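Each remark here refers to the structure printed beneath this line.
Number of protein chains: 2
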Amino acid sequence: MKITLKTISEESGLSITTVSRALAGYDDVNEETRQKIVSIAERLGYQPNLAARHLRSKHTQTVGMVIPLTSYFSDPFFMELLSGVGRQAAEYGYDLLLSAQQPGEDELNTYRRMVASSRIDGMVVARILKEDPRITFLKEARHPFIVFGRSNANDYPYIDVDGEAGMRAVVQHLTEMGHRRIALILSPRELAFTSARYAGYVQGLRAAGIEPEETYLAEGTLSADSGHAAALRLLDQTTPPTAIAACNDMMAIGAMQAVQSSGLEVGRDIAVTGFDDIPPSAHAHPPLTTVRQPTYLIGRQALDMLIQVIRQEPLDQSHVLLMPELVIRESSGTNRRR
Amino acid sequence: MKITLKTISEESGLSITTVSRALAGYDDVNEETRQKIVSIAERLGYQPNLAARHLRSKHTQTVGMVIPLTSYFSDPFFMELLSGVGRQAAEYGYDLLLSAQQPGEDELNTYRRMVASSRIDGMVVARILKEDPRITFLKEARHPFIVFGRSNANDYPYIDVDGEAGMRAVVQHLTEMGHRRIALILSPRELAFTSARYAGYVQGLRAAGIEPEETYLAEGTLSADSGHAAALRLLDQTTPPTAIAACNDMMAIGAMQAVQSSGLEVGRDIAVTGFDDIPPSAHAHPPLTTVRQPTYLIGRQALDMLIQVIRQEPLDQSHVLLMPELVIRESSGTNRRR
DNA sequence: CTGTTAGCGCCTTCAG
DNA sequence: CTGAAGGCGCTAACAG
């Protein structure tokens, strides 16, 4: 049978209110009475019904994350972020509610469900679009949230890494290795981080006196397969690139496979680089040169910020921009060229 | 402002009851009335307050998982399981609530909180003990749950892999490679799977006419560090083992490091094997020979079973036992010995 | 210090 | 076909 305040009230002969206050630790309860109530509660194994408490008190000690598609559950990048968020939520005594987009459901509606359903106090949003309706929605709903990434409108708290600087460093590294024909596998243009990475690519080229060429640009969808396809298109031209920079690691890994299946050797015949430094990249063959985003730590810090927003404390910093780090491994040919 | 049934009721001039029924799709509502109500609800962006609904209806379309310690968020094994569970939960339209053990909190209490707080319809339990109070608790509470693993008492639905067969296969492989002095790094004895893996180890040895020796047994805590320490102890004796089998991959990876730091080469001087086949194992140096548990798929299937329990449908199979698969890589010396 | 009253938003009898 | 009433379990005034 369910143990409620009523049960304890009957057992103790005190009113429900008094029981409630005693258990909540209010100081306007006689010490003896409290002792008695607490011991009965423990004996009966009382656990408050959180659904009721939430209905009443409007906050839930729970933060939410939406998983855009069920397939994201297998995405190493997302899992890293999730670990960080979950880890830090635990630190604050918050639970983490994961809601995946239902089949056939509009993604925005997943957000509506989460927010309006009064089940969470705040949420973490990741992999946003340039014009992201989810953010517009959350702003309008005045619901606490924190974003990993920046979009066009920046009047909300976010944490991000400087993709422009990251990609510039990649291209600089490649030009220093002697490359002049450097291709780019772009992430989808509607994603917010794409323009920064593209800008960094262009800046890196120009810094070396190279003008970007349309023919060295391909688009992917972030998946390894799309990187594979994009690399094949890039290689299939009369003057193919000698280096391929991808906007994320998954596409770079796909591109490496494509290069290898064309009979070329990554790191010797052609350089390939990524962005993210997801765990598999260090172990790829050859190990992938990439830009490290400390995704796990970002998750933790994002949660720190979210808690501040929820508590309506002023944010230490409402816009956090982290500098990424270039990680040079063999896929860019370190040990072979000079 | 919050849109509730009341808002719609006032807007439409109909009672809350009628609005509720119209939106729930009851057929005792005039078609015109329903149309009107539905269109108002859509216009206002009505979302039911789930806390209220749960309080009333006792089910939540949410399943729970407890993360025993915050550090488990970084455990690849756990993340794999989580992905599978989350993925499949999404398939059924369920959300996933992750609750981490609070600092200083008894683990059992984390379960109490989850179950008695009426926030979830069922839960997935993993990495259980031989005598697991959590299971006792869930059984007594008659709360739907499904276990990954088997304990002494098996009167509950579970899914597991045959650890005995898995470890037997490992030892057989090692004896076939010519090893006679095969050590075992045990997982903690209180864990349910430990005895099965130990039994498989003994069986494998005996099948090759070898009697297990106490001196080739060490205990770890599942972490890489503990595997490192255990391996050092095993190697530091007059007749050290020529092969080390670990009860999980993390410890095996730690053991490999210990071997290497002793100036020996894994796969040539000494064989090391693991259990789980977590993603990093394929990329370890050298790649780790191990036993594959299809953890992601197990997560998915566990959730299928849980849903059946929640719906009180008879389970197709209440005890699922999967056969694990030996994955031979270089850490056991495949290409070097014969 | 304790109890009464009044909802939070929803759903479900039970009457019309 | 529609509405009124009651209650899920909890907390927060407001009285005594």
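Protein chains in written order, with our numbering: chain C, 1 to 338; chain P, 1001 to 1338.
The beta-carbon is built from N, C-alpha and C at its ideal position, and this holds for glycine as well.
Source: prediction; values computed, not measured.
Under 7 Å Cβ to Cβ from residue i, same chain only, skipping five residues before and after it: list those, please.
i, result
"V202 of chain C", "P212"
"E48 of chain C", "Residue identity check: residue 48 of chain C is Pro in the sequence provided, not Glu. Excluding positions up to five away in sequence, the list is empty."
According to DSSP, simplified to helix, strand and coil, what is residue i?
i, result
"F73 of chain C", "helix"
"R338 of chain C", "Note on R338 of chain C: pLDDT 37, under 50, position unreliable in the model; no value is reported."
"A1208 of chain P", "coil"
"Y158 of chain C", "strand"
"T273 of chain C", "strand"
"M1 of chain C", "coil"
"M342 of chain C", "Any property of residue 342 of chain C remains undetermined from this structure, which presents chain C solely from 1 to 338."
"R1053 of chain P", "helix"
"I1253 of chain P", "helix"
"G1122 of chain P", "strand"
"I1244 of chain P", "strand"
"E1219 of chain P", "strand"
"A1199 of chain P", "helix"
"S1039 of chain P", "helix"
"S99 of chain C", "strand"
"I128 of chain C", "coil"
"L174 of chain C", "helix"
"E1325 of chain P", "strand"
Looking at residue j and residue i, is the spacing between their C-beta atoms short of 8 Å?
i, j, result
"L98 of chain C", "G1086 of chain P", "yes"
"I1128 of chain P", "V1147 of chain P", "yes"
"K139 of chain C", "A192 of chain C", "no"
"T1295 of chain P", "T1273 of chain P", "no"
"P144 of chain C", "I310 of chain C", "yes"
"H256 of chain C", "A230 of chain C", "First, the amino acid is wrong: residue 256 of chain C is Met here, not His. No, the Cβ-Cβ distance between M256 of chain C and A230 of chain C is not below 8 Å."
"P1324 of chain P", "G1166 of chain P", "yes"
"L205 of chain C", "V170 of chain C", "no"
"L217 of chain C", "L186 of chain C", "yes"
"P1286 of chain P", "V1266 of chain P", "yes"
"L96 of chain C", "M65 of chain C", "yes"
"V125 of chain C", "A141 of chain C", "no"
"I210 of chain C", "R233 of chain C", "no"
"I244 of chain C", "A284 of chain C", "no"
So, at 6 Å on beta carbons, what are the nonlocal neighbours of residue i in its own chain, with the 5 sequence-adjacent residues on each side left out?
i, result
"I278 of chain C", "P76, F77, D249"
"V1019 of chain P", "L1005, I1008, S1009, I1037"
"Y72 of chain C", "F78"
"G1220 of chain P", "I1185, S1226, G1227, A1230, M1251"
"L1264 of chain P", "I1270"
"R168 of chain C", "G200, Q203, G204"
"L1090 of chain P", "Just to set this straight, residue 1090 of chain P is Ala in the shown sequence, not Leu. Excluding sequence neighbours, A1090 of chain P sits near nothing in its chain."
Once the 5 residues before and after residue i are set aside, which same chain residues still bring their CB inside 8 Å of it?
i, result
"S133 of chain C", "Per the sequence shown, residue 133 of chain C should be read as Pro rather than Ser. L108."
"E1011 of chain P", "I1040, L1044"
"Y1092 of chain P", "L1303, I1307"
"P314 of chain C", "Q308"
Can you tell which of the options has its C-alpha closest to the C-alpha of residue i?
i, options, result
"S151 of chain C", "C:H143, C:P144, C:V161", "C:V161"
"Y94 of chain C", "C:V63, C:S117, C:T110, C:Q102", "C:V63"
"H1054 of chain P", "P:P1157, P:S1118, P:T1070", "P:S1118"
"Y1156 of chain P", "P:P1324, P:V1320, P:V1327, P:I1328", "P:V1320"
"T242 of chain C", "C:A207, C:L326, C:D236, C:A183", "C:A183"
"P68 of chain C", "C:A52, C:G122, C:H59, C:G104", "C:G104"
"P188 of chain C", "C:L222, C:L174, C:H179", "C:L222"
"R268 of chain C", "C:T70, C:L174, C:Y198", "C:L174"
"E214 of chain C", "C:S261, C:Q237, C:R112", "C:Q237"
"Q88 of chain C", "C:G333, C:M305, C:A224", "C:M305"
Nearest-angstrom Cα distance between residue i and residue j?
i, j, result
"N1154 of chain P", "K2 of chain C", "26 Å"
"Y1158 of chain P", "A1302 of chain P", "8 Å"
"L1322 of chain P", "F1275 of chain P", "14 Å"
"A258 of chain C", "R329 of chain C", "19 Å"
"R1337 of chain P", "M1177 of chain P", "Bear in mind that the predicted position of R1337 of chain P carries a pLDDT of just 41, short of 50, making it too unreliable to give a figure here."
"G200 of chain C", "G1163 of chain P", "51 Å"
"L331 of chain C", "L1326 of chain P", "According to the sequence provided, residue 331 of chain C is Ser. The question's Leu does not apply to it. Approximately 31 Å, taken between the alpha carbons."
"R292 of chain C", "A282 of chain C", "11 Å"
"S57 of chain C", "A1051 of chain P", "11 Å"
"D1106 of chain P", "L1082 of chain P", "22 Å"
"Q317 of chain C", "C247 of chain C", "28 Å"
"Q1102 of chain P", "A1196 of chain P", "31 Å"
"H59 of chain C", "L1023 of chain P", "26 Å"
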